[in-house]
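Following: one structure in structure tokens, then a few remarks.
As structure tokens, then:
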């Protein structure tokens with residue numbers, strides 16, 4: 001269970017940087033249904049299987065949001081670095097022309 005949760009979290013974080021929210025929502029829902037189905041077939045009660053399906057779904061959604069946040073922060077940081085370096089280059093060229 002722990003390894004499955006870890007794999008789901010890592011996949012969700014990676015997906016947050018790559019795919020759209022609606023595509024991930026469909027994927028996560030299918031994974032949660034499958035995970036709950038496997039738990040039910042494995043001998044868990046219906047309530048426990050639904051609970052584990054919901055738990056993996058929540059974990060995947062949190063991982064996705066984390067991936068979206070980290071990806072956005074890295075992109076913003078790269079853009080700021082690029083604009084700051086372009087500003088310093090233009091400022092240096094203006095000083096040389098003066």
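Residue numbers (the numbering used here): 1 to 98.
We put the beta carbon where it would ideally sit given N, CA and C, even for glycine.
Can you give the beta carbon distance from residue 48 to residue 39, rounded, assuming they're within the 8 Å contact cut? Along the chain shown, one-based indexing puts residue 48 at 48. Along the chain shown, one-based indexing puts residue 39 at 39. So it is a contact: roughly 7 Å between Cβ atoms.
In terms of residue numbering, what span does the alpha helix (DSSP H) encompassing residue 16 cover? On the chain shown, position 16 is the one that residue 16 refers to. Taken as a continuous stretch (DSSP letters only), the alpha helix (DSSP H) holding residue 16 covers 2-18.
Are residue 37 and residue 52 close, meaning C-beta to C-beta below 8 Å? In the chain shown, residue 37 corresponds to position 37, counting from 1. In the chain shown, residue 52 corresponds to position 52, counting from 1. Not a contact, by the Cβ cut-off of 8 Å.
Given that a residue counts as buried once 16 or more other Cβ atoms are within 10 Å of its Cβ, and exposed if not, what is residue 69? By one-based count along the chain shown, residue 69 stands at place 69. It is exposed - the Cβ of residue 69 has fewer than 16 other Cβ atoms within 10 Å.
Nonlocal neighbours in the same chain, by C-beta distance under 7 Å from residue 50, ignoring five residues either side: Counting from one through the chain shown, the residue named residue 50 turns up at place 50. Excluding sequence neighbours, residue 50 sits near 36.
Residue 10: which of 83, 67, 75 sits nearest, CA to CA? For the purposes of this step, residue 10 is taken as residue 10 along the chain shown, with counting starting at 1. For residue 10, the nearest C-alpha among the options comes from 67.
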